[in-house]
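Here the working numbering = 1-based position in the sequence shown + 750. Remarks on the structure that follows.
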Amino acid sequence: SPLSPHPLTPSQLQRIQKELNKFQNILTFLPQLLPTEYKPQLISIQNKLAKCQNILKNPSPSLAKNLGYFQFVIYQNIQQALHQLSTLSRLRPIGPQQLPRSIQDQFISHSKRYFAVYAYPRKSVLNRENIEEVLKAMRNTTEKSTGLMIMVYHFIYIGLQDFPLVTAVVILTVLILLLIDFQSLGYTLLALLPIGFAAVIALGIVGATGLVVSVLTFVAFPLIFGIGIDDGVHVIHRFRETAQKNVAKAIAQTGKSIFFTSLTTMASFGVLILTEHHGFIGMGVLITLGIGLCFIASVSVLPAMLVIAQRWGWIQR
751 SPLSPHPLTP
761 SQLQRIQKEL
771 NKFQNILTFL
781 PQLLPTEYKP
791 QLISIQNKLA
801 KCQNILKNPS
811 PSLAKNLGYF
821 QFVIYQNIQQ
831 ALHQLSTLSR
841 LRPIGPQQLP
851 RSIQDQFISH
861 SKRYFAVYAY
871 PRKSVLNREN
881 IEEVLKAMRN
891 TTEKSTGLMI
901 MVYHFIYIGL
911 QDFPLVTAVV
921 ILTVLILLLI
931 DFQSLGYTLL
941 ALLPIGFAAV
951 IALGIVGATG
961 LVVSVLTFVA
971 FPLIFGIGID
981 DGVHVIHRFR
991 ETAQKNVAKA
1001 IAQTGKSIFF
1011 TSLTTMASFG
1021 VLILTEHHGF
1031 IGMGVLITLG
1041 IGLCFIASVS
1051 VLPAMLVIAQ
1061 RWGWIQR
């Protein structure tokens, strides 16, 4: 029958004392089974247990009353906990109506007909193939999707479709400016030689090593193109200013300058190789490689071609 907050009867008090005696007997064997560091705690428990036994030998009316009330409170708490567990075990799946208002406002439309779904790609969204894979999966689910990833795709990757045209326009513009500067088609083509050499070698290395090409990689091309052109222009200007157009003097006077220009730029962007982001690593490798190749071509291939062009009469002596 359910318990009530009444004082315990003498028989109930005797039963408690009997159980305490059993517990006391168990404690007498524990020191032999447990490590020695637990001995002080066992002694403390035995002392408190002995005090309880002494109190129960001559129980007062207030003791029986307090123990009865304590037993009733414990019983009520256990009953309440069991009832809560029983209720939880019968819970149905949570629906939109059970969600907090703040979550409903964020994920559910006012008409209650549309829901917002957030997709978090596992792969890098700086890679076009990864974005297209995610977009394909999203379009199979819904046609209404938006987010930073989709903006990146439309503004950058679709914009890259015009990259060949933009590159051609840039090269043509630079070619015209060099023609205006040098007043010679031969010198203009020679100034473009370092960047052409670096482009061919760098693209070959990228293809052979399987370097990750992403959006950030395309940022490297303007830097390589600009510095590569600068190196060739500096060498040719110095070559034309020297007496008798001496290639060795031109390289001796400009080689140090373009070396440190290239070195500082390579060091600045080469730090990106130490990052853990594949896009930044690819960008750092390509810029470092491209600028280094432009410098090598400017102090080796370009001087050799200047000598050959002089001998064959392609440029004015």
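C-beta atoms are modelled at their ideal positions from N, C-alpha and C, and glycine is treated no differently. Everything numeric in this text was worked out from a predicted model, so none of it was measured.
{"Item": "Take A1017 as the anchor and find which of M899, Q1003 and L1039 has the nearest alpha-carbon.", "Value": "L1039"}
{"Item": "DSSP state of I858, grouped into three classes?", "Value": "strand"}
{"Item": "By a C-beta neighbour count over all protein chains shown, 10 Å radius and 16 as the cutoff for buried, is A698 buried or exposed?", "Value": "Outside the shown range of the chain (751 to 1067) lies residue 698, about which nothing can therefore be said."}
{"Item": "Buried or exposed for L1052, please, with buried defined as at least 16 other CB atoms from any protein chain shown within 10 angstroms of its CB.", "Value": "buried"}
{"Item": "Report the CB separation of L928 from T938 in whole angstroms; it is logged as a contact under 8 angstroms.", "Value": "4 angstroms"}
{"Item": "Looking at C-alpha atoms only, which residue of G1029, L1043 and R872 is the closest neighbour of I945?", "Value": "L1043"}
{"Item": "For the alpha helix (DSSP H) that Q1060 lies in, which residues bound it at each end?", "Value": "L1052 to W1062"}
{"Item": "What's the C-alpha gap between A814 and Q774?", "Value": "22 angstroms"}
{"Item": "Report yes if the C-beta distance between G1034 and I1023 is below 8 angstroms; otherwise report no.", "Value": "yes"}
{"Item": "How should M1055 be labelled, buried or exposed, when 16 other C-beta atoms within 10 angstroms of its C-beta is the threshold for buried?", "Value": "buried"}
{"Item": "From the DSSP output, which residues share a beta bridge with F865?", "Value": "I858"}
{"Item": "Go through its chain and collect everything with a Cβ distance to A970's Cβ below 7 angstroms, but skip five positions before and after it.", "Value": "M1033, L1036, I1037 and G1040"}
{"Item": "Count Cβ pairs between the stretch 850–857 and the stretch 798–808 that sit closer than 8 angstroms; are there 3 or more?", "Value": "no"}
{"Item": "According to DSSP, is Q847 helix, strand or coil?", "Value": "helix"}
{"Item": "Please identify the residue among S1012, T992, R842 and I951 whose C-alpha is closest to the C-alpha of G976.", "Value": "S1012"}
{"Item": "Can you list, in chain order, the residues of its chain with a C-beta nearer than 8 angstroms to that of I1065? Leave out the 5 residues immediately preceding and following it.", "Value": "S934, G936, Y937, L940, L1056 and A1059"}
{"Item": "Run through the stretch 872–919 for me and flag every whole alpha helix (DSSP H) of 4 or more residues, listed as ranges in chain order.", "Value": "878–891 and 898–902"}
{"Item": "State yes or no: is the C-beta of R988 within less than 8 angstroms of the C-beta of A1000?", "Value": "yes"}
{"Item": "Please report the residue range of the alpha helix (DSSP H) in which H756 lies.", "Value": "Element bounds for H756: n/a, residue is neither H nor E."}
{"Item": "Compare the C-alpha of F932 against each of M899, M888, T891 and H984 and name the closest.", "Value": "H984"}
{"Item": "Hey, how far is the Cα of H1028 from the Cα of E883?", "Value": "18 angstroms"}
{"Item": "Counting C-beta neighbours from all protein chains within 10 Å, is the total for I881 16 or more, i.e. buried, or is it exposed?", "Value": "buried"}
{"Item": "With distances taken between CB atoms, is the gap from L770 to C802 smaller than 8 angstroms?", "Value": "yes"}
{"Item": "Locate the alpha helix (DSSP H) running through N808, then write down its first and last residues.", "Value": "Unbroken run through N808: none, as it is neither H nor E."}
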